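In our numbering, the protein residues as written are 66 to 130.
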């Protein structure tokens, strides 16, 4: 859990930069959070596997191509 929180904290400077450049808004962040919590709930309810959970999170939170 601490490792995950550390990784999340490492992304803050890049998110702040994206917000200041207008590439990321708080609306985007709230939308991503809702999607991630939905995926987490699916995983904890054993509706999806670990691999599917990680893949779905990567699609939401990963770098844009």
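Every residue gets a Cβ at the ideal spot worked out from N, C-alpha and C, and that includes glycine.
In this text, all values refer to a predicted model and were calculated from it rather than measured experimentally.
Within the same chain, 80, 83 come within 7 Å of residue 89 by CB-CB distance, once the 5 residues on both sides are set aside. For residue 97, the enclosing alpha helix (DSSP H) begins and ends at 91–109.
In the same chain as residue 107, and ignoring 5 residues on each side of it, the C-beta atoms closer than 7 Å to its own belong to 113, in chain order.
CA-CA distance, residue 105 to residue 116, rounds to 12 Å.
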